[in-house]
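Some notes on the structure that comes next.
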Amino acid sequence: MASGQARQRIEVTCPECGHAQNEPGIVVSTACRACGFHFQVKDGKAVLRTVPTTRFAADRSSEADSEPEPEPSQPLSPFRRPEPAVQRPQTLLQRLLGRNPKPRTIRCFNCEVEHTTVGDAQSSQCPSCGAYISLRNYEIDDRWNRRIQTRGDVTILKTGAVSGAPIVCHSLTVLGELAAAVDCSGDLIIRSHGKIPGNVRCDTLRVERGAKVEFLSIITASKVVIDGLVTGQIHCSGSVTLEKRAKLNGLVQATRLIVKQGATHNGPMEILQSESGETPESDHDEE
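Each residue of the sequence shown is one higher than the one before, starting from 2 at the first, in our numbering.
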């Protein structure tokens with residue numbers, strides 16, 4: 002029985018950086034191979050390591066007169082787990098100007114159930130399945146080949162390049178190189194040139210003016226706006242809009258295709274029914 006569990010492999014996700022790695026089925030604790038963070042594994046899921054502490058009971062006679070001892074300071078670590086979703090205290094200026102962070106809706110990585118958390122939270126926990134959800138933002142200015150899993154935003158700067166490892170985030174802005182699968186709960190904004198080999202899923206795809214991108218796998222989105230040159234297959238539950246001088250080569254499956262003056266589409270077009278069950282009267286608009 003033990004040998005069978007040892008041969009079985011499970012995938013665990015680091016609660017600090019979101020890196021996923023395979024471990025033996027009987028593992029009870031491990032360290033993240035990406036950031037070095039130590040965590041325990043219970044029932045196939047990663048949990049924070051609990052450090053037992055011992056406290057001495059104070060003398061009841063002197064308890065009222067004595068002051069509480071200060072808590073020992075925690076050692077600083079670059080891989081420390083973000084604090085839970087607790088709202089930070091507002092500054093006086095924020096209170097005077099009335100600038101309160103708006104609550105945000107996030108989707109769980111595991112069960113995809115959505116819930117609301119405070120706008121400036123650094124992490125959260127799914128109320129449905131209890132999974133840890135990182136809300137960390139990333140800015141990549143160098144080569145990167147590790148998996149990113151967060152409901153924060155990711156920006157690939159002009160000097161940055163992501164390849165191989167998938168990106169799961171809220172919104173992704175690409176100014177550099179991207180050669181990986183993408184799953185965004187928000188917007189995917191592309192402002193550079195290149196080929197994207199992995200599957201792409203997002204709420205809204207925006208290809209900015211001057212960008213030239215080729216998608217080697219299918220694109221799944223709720224809305225698509227193209228102002229550059231795109232080659233690939235698009236499956237959109239909403240509308241696909243080609244701005245002036247935009248070019249699209251490939252199959253388009255959408256409820257509506259809007260082609261503005263000066264834009265071109267080369268490829269087949271399939272009309273999908275909208276969520277209301279109605280088929281649009283026109284799938285091609287000239288403006």
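Here a beta-carbon is modelled for each residue, glycine too, at the ideal position from N, C-alpha and C. It should be emphasised that the depicted structure is a prediction, and the values quoted were computed from it without experimental measurement.
ask   = Between the beta-carbon of residue 163 and the beta-carbon of residue 194, is there less than 8 Å?
value = The residue labelled residue 163 in the question sits at position 162 within the sequence shown. The residue labelled residue 194 in the question sits at position 193 within the sequence shown. Not closer than 8 Å, so no.
inquiry  = Which residue wins for smallest C-alpha separation from residue 172, given the options 178, 166 and 157?
reply    = Sequence index remark: in the sequence shown, residue 172 carries index 171 (1-based). Considering only alpha carbons, the answer is 157.
inquiry  = Which residue wins for smallest C-alpha separation from residue 39, given the options 31, 126 and 148?
reply    = Within the sequence shown, the letter at position 38 stands for residue 39. Restricting attention to 31, 126 and 148, the CA atom closest to the CA of residue 39 is found in 31.
query = Could you give the distance in angstroms between the alpha-carbon of residue 1 and the alpha-carbon of residue 246?
reply = Residue 1 is absent from the structure shown; the chain starts at 2 and stops at 288.
Neighbourhood of residue 111 by C-beta, 8 Å cutoff - its chain only, sequence neighbours within 5 removed = On the sequence shown, position 110 is the one that residue 111 refers to. Cβ within range, chain order: 127, 130 and 132.
task = Rank 178, 248, 188 and 212 by C-alpha distance to the C-alpha of residue 198 and give the top, closest one.
result = Position 197 of the sequence shown, counted from the start, is the residue given in the question as residue 198. Here the closest residue by C-alpha is 178.
query = Looking at C-alpha atoms only, which residue of 241, 116 and 154 is the closest neighbour of residue 264?
reply = The count along the sequence shown starts at 1 and reaches residue 264 at position 263. The residue with the shortest Cα to Cα distance from residue 264 is 241.
CA-to-CA distance, residue 233 to residue 200, given in whole angstroms = Taking the first residue of the sequence shown as 1, we reach residue 200 at position 199. Taking the first residue of the sequence shown as 1, we reach residue 233 at position 232. C-alpha separation (whole angstroms): 11 Å.
ask   = By DSSP, does residue 20 sit in helix, in strand, or in coil?
value = On the sequence shown, position 19 is the one that residue 20 refers to. Note: residue 20 maps to coil in three-state DSSP.
Beta-carbon proximity of residue 174 to residue 19, cut-off 8 Å = Locating residue 174 in the sequence shown gives position 173, where the first residue counts as 1. Locating residue 19 in the sequence shown gives position 18, where the first residue counts as 1. No, the Cβ-Cβ distance between residue 174 and residue 19 is not below 8 Å.
key: residue 249 versus residue 37 - alpha carbon distance   = Residue mapping note: residue 249 aligns to position 248 of the sequence shown, counting from 1. Residue mapping note: residue 37 aligns to position 36 of the sequence shown, counting from 1. In a straight line, the C-alpha of residue 249 is about 44 Å away from that of residue 37.
key: beta strand (DSSP E) segment containing residue 41, residue limits   = For this step, residue 41 is matched to residue 40 along the sequence shown. Looking at the DSSP string, the run of the beta strand (DSSP E) that includes residue 41 is 39–43.
query = Between the C-alpha atoms of residue 221 and residue 256, what's the straight-line distance to the nearest angstrom?
reply = As a first step, residue 221 is located in the sequence shown; it is residue number 220 there, counting from the start. As a first step, residue 256 is located in the sequence shown; it is residue number 255 there, counting from the start. Looking at the two C-alpha atoms, the distance is approximately 13 Å.
ask   = To the nearest angstrom, how far is it from the Cα of residue 216 to the Cα of residue 251?
value = Taking the sequence shown and counting its residues from 1, the one referred to as residue 216 is at position 215. Taking the sequence shown and counting its residues from 1, the one referred to as residue 251 is at position 250. Going by C-alpha positions, residue 216 is about 10 Å away from residue 251.
Alpha-carbon spacing of residue 268 relative to residue 161, whole angstroms = Working through the sequence shown from its first residue, we reach residue 268 at position 267. Working through the sequence shown from its first residue, we reach residue 161 at position 160. Using only the alpha carbons, I get a separation of about 33 Å.
ask   = Helix or strand or just coil, what does DSSP make of residue 195?
value = As a position in the sequence shown, residue 195 is number 194, starting the count at 1. Strand.
key: Boundaries (first-last residue) of the beta strand (DSSP E) holding residue 186   = Counting from one through the sequence shown, the residue named residue 186 turns up at place 185. That residue, residue 186, is in no beta strand (DSSP E); it is neither H nor E in DSSP.
task = Label residue 120 either buried or exposed according to how many other C-beta atoms from any shown protein chain fall within 10 Å of its C-beta, with 16 as the threshold for buried.
result = Here residue 120 is taken as the residue at index 119 of the sequence shown, counted from 1. Exposed, since its Cβ has fewer than 16 Cβ neighbours within 10 Å.
Per-residue DSSP class, three states only, for residue 25 = Numbered from its first residue, the sequence shown carries residue 25 at position 24. Strand at residue 25.
task = Please work out which residues of its chain come closer than 6 Å, Cβ to Cβ, to residue 192, disregarding the five sequence neighbours upstream and downstream, and give them in chain order.
result = Numbered from 1 along the sequence shown, position 191 holds the residue referred to as residue 192. Counting only Cβ-Cβ distances below 6 Å, and skipping sequence neighbours, we find 176, 209 and 212.
request  = Assign residue 114 to one of three DSSP states: helix, strand, or coil.
outcome  = Translated into positions along the sequence shown, residue 114 becomes position 113. If DSSP states are grouped into helix, strand and coil, residue 114 belongs with coil.
message = Using only the alpha-carbon positions, how far apart do residue 159 and residue 143 sit?
response = Residue numbering aside, residue 159 sits at position 158 when the sequence shown is read from its first letter. Residue numbering aside, residue 143 sits at position 142 when the sequence shown is read from its first letter. When rounded, the distance between both Cα atoms is 9 Å.
message = Only counting the same chain, and skipping five residues up and downstream in sequence, which positions put a Cβ closer than 6 Å to that of residue 13?
response = Residue numbering aside, residue 13 sits at position 12 when the sequence shown is read from its first letter. Answer for residue 13: 24, 42 and 47, listed in chain order.
key: Element boundaries [beta strand (DSSP E), containing residue 214]   = Position 213 of the sequence shown, counted from the first residue, corresponds to residue 214. Element bounds for residue 214: 213–216.
query = Taking the alpha-carbon positions, what's the residue 123 to residue 137 distance?
reply = In the sequence shown, counting from the first residue as 1, residue 123 sits at position 122. In the sequence shown, counting from the first residue as 1, residue 137 sits at position 136. About 6 Å.
query = Just checking my contact of residue 117 with residue 105 at CB under 8 Å: how many whole Å lie between their CB atoms?
reply = Locating residue 117 in the sequence shown gives position 116, counting from the first residue. Locating residue 105 in the sequence shown gives position 104, counting from the first residue. With 8 Å as the limit, residue 117 and residue 105 qualify as a contact, their Cβ atoms being about 7 Å apart.
inquiry  = On a Cα-Cα basis, can you pick out the residue from 225, 230 and 45 that is closest to residue 239?
reply    = On the sequence shown, position 238 is the one that residue 239 refers to. Checking every option, the nearest Cα to that of residue 239 belongs to 225.
ask   = Exposed or buried, which one is residue 262 when buried takes at least 16 other CB atoms within 10 Å?
value = Residue 262 sits at position 261 when you count from the first residue of the sequence shown. It is exposed - the Cβ of residue 262 has fewer than 16 other Cβ atoms within 10 Å.
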